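To start, the structure under review is shown below, and the notes come after it.
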Amino acid sequence: MKLLKKILLVLLVLFVIAQFFGPEKNEGDMASVEPFLAETNPPANVKAILEETCYDCHSDVTRYPWYNSITPVNYWLAAHIKDGKKHFNVSNWIGNSVKRKDHKFEELIEMVEDKSMPLKSYTITHSEANLSEDQIKAVIDWAKLVRVKYSMMPQPE
Numbered sequence: 001m002k003l004l005k006k007i008l009l010v011l012l013v014l015f016v017i018a019q020f021f022g023p024e025k026n027e028g029d030m031a032s033v034e035p036f037l038a039e040t041n042p043p044a045n046v047k048a049i050l051e052e053t054c055y056d057c058h059s060d061v062t063r064y065p066w067y068n069s070i071t072p073v074n075y076w077l078a079a080h081i082k083d084g085k086k087h088f089n090v091s092n093w094i095g096n097s098v099k100r101k102d103h104k105f106e107e108l109i110e111m112v113e114d115k116s117m118p119l120k121s122y123t124i125t126h127s128e129a130n131l132s133e134d135q136i137k138a139v140i141d142w143a144k145l146v147r148v149k150y151s152m153m154p155q156p157e
């Protein structure tokens, strides 16, 4: 029993010490999103959906919940954000080719349509990110229009 108490005490001390460390935060400026918005021109309702459900993981601007102050949760969230930005980052839109942008929108349509985005782990703690059928349709309709725009742009050979 004494050994168990010692182990629990050591784990508690390690947990407390760990609270002084954490990953770098994803706290950029909303200005980083402006080129994406200017190019893709979402209607107001879609822009609001993007802000509420996408930017936390797919831009340089994350609104952190209170539990991000707890290690190891903050590392888990940082990994989600890093992975999300790797796949689709609206803050780094300018640097992408038209072909890549079109492909990202193709993926966006697929993932919103099959409801794999936003992630279930995100919607559990962000109920506002649970998209209604009307919201899903609005995002998909907008994304399809953006793809049409990209298909009419000249492609480098």
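Each step along the sequence shown adds one to the number in UniProt numbering, with nothing skipped, and position 131 is 131.
Quick reminder that beta carbons are idealized off the backbone N, C-alpha and C, glycines included.
All figures in this text were calculated on a predicted structure; none of them were measured in a lab.
Hey, quick one: how far does the alpha helix (DSSP H) through residue i stretch, first residue to last?
i: W93; result: No alpha helix (DSSP H) contains W93, which DSSP labels as neither H nor E.
i: L50; result: 44 to 53
i: V139; result: 133 to 151
i: L77; result: 73 to 87
i: Y122; result: 120 to 125
i: F36; result: 34 to 40
On the CB-based measure, 16 or more other CB atoms within 10 Å of its CB, does residue i come out buried or exposed?
i: H87; result: exposed
i: F105; result: buried
i: I94; result: exposed
i: L50; result: buried
i: T125; result: exposed
i: P42; result: buried
i: K101; result: buried
What residues match up with residue i in a beta bridge as DSSP calls it?
i: E27; result: V61
Report all residues from its chain with a CB closer than 6 Å to the CB of residue i; omit the five preceding and five following residues, and keep chain order.
i: T123; result: A129, N130
i: T40; result: V146
i: T53; result: P118, A129
i: Q135; result: I49
Could you name the residues of the same chain whose beta carbon sits closer than 7 Å to that of residue i, not counting the 5 residues immediately before and after it, in chain order?
i: A143; result: F105, L108, I109
Cβ of residue i versus every heavy atom of the ligand PLP: is any distance shorter than 7 Å?
i: V90; result: Absence of the ligand PLP is noted for the structure shown, with no ligands found whatsoever.
For this session: Would you check if the stretch 73 to 80 and the stretch 10 to 17 touch, i.e. whether three or more CB-CB distances between them fall below 8 Å?
Result: The stretch 10 to 17 is not in contact with the stretch 73 to 80.
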